[in-house]
Amino acid sequence: MTLAAQPAEPVFPQPLLDALARDPEHPAFEHGSRPVPGGHVLELVRRCAAALGGAGAGADGRAGVAVTTAVTPAGFAAQIAAHLLGCRVTGLRP
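Our numbering numbers the first residue of the sequence shown as 248 and each following residue consecutively.
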């Protein structure tokens, strides 16, 4: 049996999550008129990943997820969480 080579660089979305964790107080988004810190976005990603994983997304490595949401921190987090679980992701406009 041949094992697949590990990538030399971290694979998306890990570099993004690492950047959010490095400076959790730094604004990651401006939603409306309020800045949204990276730590908050990271927590949203974690919560979304837990919910999606609990619903079976990513369990077999073949799941597809369609995200219908406006451009919001929570919508972004849902999309990144699905990628984190190994899902194929399609964003749809509401």
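Virtual Cβ for every residue (Gly too), placed ideally from N, Cα, C. Only a predicted model underlies this, so the values are computations on that prediction, with no experimental measurement involved.
Go ahead and label residue i buried or exposed: buried means 16 or more other beta carbons lie within 10 angstroms of its beta carbon, across all protein chains shown.
i             : result
glutamine 326 : buried
glycine 303   : exposed
alanine 255   : exposed
valine 318    : exposed
glycine 305   : buried
leucine 324   : With the sequence shown as reference, residue 324 is identified as alanine, and leucine is not the correct amino acid for it. The residue in question, alanine 324, is buried, as its Cβ has 16 or more Cβ neighbours within 10 Å.
In chain order, what residues of the same chain lie with their CB nearer than 7 Å to the CB of residue i, ignoring the 5 residues before and after it?
i           : result
alanine 296 : Ala328, Leu331 and Leu332
glycine 338 : Val314 and Gln326
Leaving out five residues on either side along the sequence, give the residues of the same chain with a beta carbon under 8 Å from the beta carbon of residue i.
i             : result
arginine 340  : Thr315
valine 283    : Pro274, Ala275, Phe276, Glu277 and Pro320
aspartate 265 : Pro257
Going by beta carbon distance, what residues of the same chain come within less than 6 Å of residue i, once the five residues before and after it are set aside?
i             : result
arginine 269  : none
proline 260   : Ile327, His330 and Leu331
glutamate 272 : Pro284
For the putative contact between residue i and residue j, defined by C-beta atoms under 8 Å, what is the C-beta separation to the nearest angstrom?
i           : j            : result
valine 312  : valine 336   : 5 Å
glycine 285 : leucine 267  : 4 Å
alanine 298 : cysteine 334 : That pair is no contact at about 13 Å.
> Whole beta strand (DSSP E) runs in the segment 266 to 338 with 3 or more residues, listed along the chain?
Replying inline: Whole beta strand (DSSP E) segments, 3+ residues: 274 to 278, 281 to 284 and 311 to 315.
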